[in-house]
Amino acid sequence: MRLPILALAIAALVPAAPAAAAEPQLPPLTVLTNAPNAGKGDIFVTPTSADGKYANGVAILSPDGKKTVWSHILPAGLSAADFRRQTYHGRPVLTWWQGKGLGGLAVGVDEIYDADYHQIAEVRAGNGYQADGHEFVITPRGTALILAYRQATADLTSIGGPARQQVIDGVVQEIDIATGAVLFQWDSSDHVPYAQSQQPLPASPDTPWDWFHINAVKVDGDNLLLDSRNTWAAYEISRRDGRILWQLGGKASSFTPEGAELNTAGALVAWQHDPEPLGNGYYSFFDNESAGVANTGSGAVSEYANSRVVVVKLDPAKHTATLVRTYNQPAGLLATSQGNAQPEPGGRTFVGWGALPYLSEFDRHGAVVFGAKFPAGVNTYRAYRFDWR
Numbered sequence: 001m002r003l004p005i006l007a008l009a010i011a012a013l014v015p016a017a018p019a020a021a022a023e024p025q026l027p028p029l030t031v032l033t034n035a036p037n038a039g040k041g042d043i044f045v046t047p048t049s050a051d052g053k054y055a056n057g058v059a060i061l062s063p064d065g066k067k068t069v070w071s072h073i074l075p076a077g078l079s080a081a082d083f084r085r086q087t088y089h090g091r092p093v094l095t096w097w098q099g100k101g102l103g104g105l106a107v108g109v110d111e112i113y114d115a116d117y118h119q120i121a122e123v124r125a126g127n128g129y130q131a132d133g134h135e136f137v138i139t140p141r142g143t144a145l146i147l148a149y150r151q152a153t154a155d156l157t158s159i160g161g162p163a164r165q166q167v168i169d170g171v172v173q174e175i176d177i178a179t180g181a182v183l184f185q186w187d188s189s190d191h192v193p194y195a196q197s198q199q200p201l202p203a204s205p206d207t208p209w210d211w212f213h214i215n216a217v218k219v220d221g222d223n224l225l226l227d228s229r230n231t232w233a234a235y236e237i238s239r240r241d242g243r244i245l246w247q248l249g250g251k252a253s254s255f256t257p258e259g260a261e262l263n264t265a266g267a268l269v270a271w272q273h274d275p276e277p278l279g280n281g282y283y284s285f286f287d288n289e290s291a292g293v294a295n296t297g298s299g300a301v302s303e304y305a306n307s308r309v310v311v312v313k314l315d316p317a318k319h320t321a322t323l324v325r326t327y328n329q330p331a332g333l334l335a336t337s338q339g340n341a342q343p344e345p346g347g348r349t350f351v352g353w354g355a356l357p358y359l360s361e362f363d364r365h366g367a368v369v370f371g372a373k374f375p376a377g378v379n380t381y382r383a384y385r386f387d388w389r
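Taken in order, the sequence shown gives residues 1 to 389; the numbers are from this note's numbering.
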């Protein structure tokens, strides 16, 4: 049926509906190096965009980094961290943290998805705390090791500070995944003196002092190994009562550092992340060497030339910690936050460079066998390789 001429004229005056704006997508990864002896596992990342140009979420990429195996975009305003494959009740699962405020007083939850990409559990901090995104470890006993930050008031007159300074303490919790019960809790202020901090005091007592900045907890035999960025130290603690069994690094180290590549402050690491027990007394660290603060307040400049991965050998009898291997950031850059170094089969090490948009994989001799880069303004808190098919 033909429309009347008047109807056609009116229709011509009505503006067309605007096209729907495209939803932000996860950022692409550009592969720079992919040698034949690079790892064959899929790549796990949490792309986070600083300027909102791209969406935030989690992604599994093919071993060469060129294809997306699976991805999950988060609602606007949320970010993700520590995305990896783990085992829960004998089955492979995907786990990550999502929330707001990573690196500060974060608010978030830890997710567990099955191999069909369905949520099967969610882990929350207990005792009134909020889960922080720096670490989420599922243990063989079906529990979760998570971190939290707690704001409190402390008397710092003994170290030349205010009598009522706002501080941020680091908390470790072991949570029963099935019930949500808190089975173990450790608070930094109960075990580590404030004087160990390398972080300068803020100008105002009302500005929370992030003196400890807990950023990792690992199972190390019968004990737990946790890391403090702002004391430059890792702590081996008893899983039974929380006692510090030894300290590696910082102002009260149980071990004397040795090696040709100590930083300019004579330390093994500074502002570091992700200690990994490698067995037989060997440990690796992601050594940031920068937190945006070059001077520690004591006159010691902490920064080495670049961020790096270090491998350390502990000798409990001699109380020495020897720096035996380093993998330098290939572009000679400093990552002011975040980062990890994952030990792989065959002696390879997969590295996420934290605040920098780079991923690298080194062979046992230190050669780069895989390298990739996100667009400027994008980073991934950690990066891993895992078999996931």
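Don't be surprised by glycine CBs; every beta carbon is placed ideally from N, CA and C.
Query                                                                                                                                                   : Result
Across which residues does DSSP place Asn56 in a beta bridge pair?                                                                                      : Paired residue(s): none; Asn56 is not in a bridge.
To the nearest angstrom, how far is it from the Cα of Asp315 to the Cα of Thr46?                                                                        : 36 Å
Would you mind reading off the limits of the beta strand (DSSP E) that contains Asp274?                                                                 : His273 to Gly279
Where in the region 54-140 do unbroken runs of the beta strand (DSSP E), each at least 3 residues long, occur, reported from the N-terminal end onward? : 57-61, 68-73, 79-88, 91-100, 107-113, 119-123 and 132-138
Run through DSSP, which three-state label would Gly354 get?                                                                                             : coil
Would you kindly check if the distance between the Cβ of Thr48 and the Cβ of Ser71 is under 8 Å?                                                        : no
With distances taken Cα to Cα, identify the nearest neighbour of Thr380 among Ala50, Leu32, Ala22 and Pro36.                                            : Ala50
Pick out the complete alpha helix (DSSP H) segments inside the region 149-186, 4 residues or longer, and give them in chain order.                      : none
Taking a contact to mean a Cβ-Cβ separation below 8 Å, would you say Val309 touches Ala341 in this structure?                                           : yes
Helix, strand or coil for Thr264? Go by DSSP, reduced to three states.                                                                                  : coil
If you reduce the DSSP assignment to three classes, tell me which class Pro47 lands in.                                                                 : strand
Mind reading off the beta-carbon distance from Val109 to Leu145? Whole number of angstroms is fine, and I expect it under 8 Å.                          : That pair is no contact at about 15 Å.
Let me confirm a value: Arg91 is counted as buried when at least 16 other C-beta atoms fall within 10 Å, else exposed. Which label applies?             : exposed
What do you reckon, are the CB atoms on Phe83 and Phe386 nearer than 8 Å?                                                                               : no
By DSSP, does Arg239 sit in helix, in strand, or in coil?                                                                                               : coil
Looking at C-alpha atoms only, which residue of Lys100, Leu102, Gln86 and Tyr129 is the closest neighbour of Ile112?                                    : Gln86
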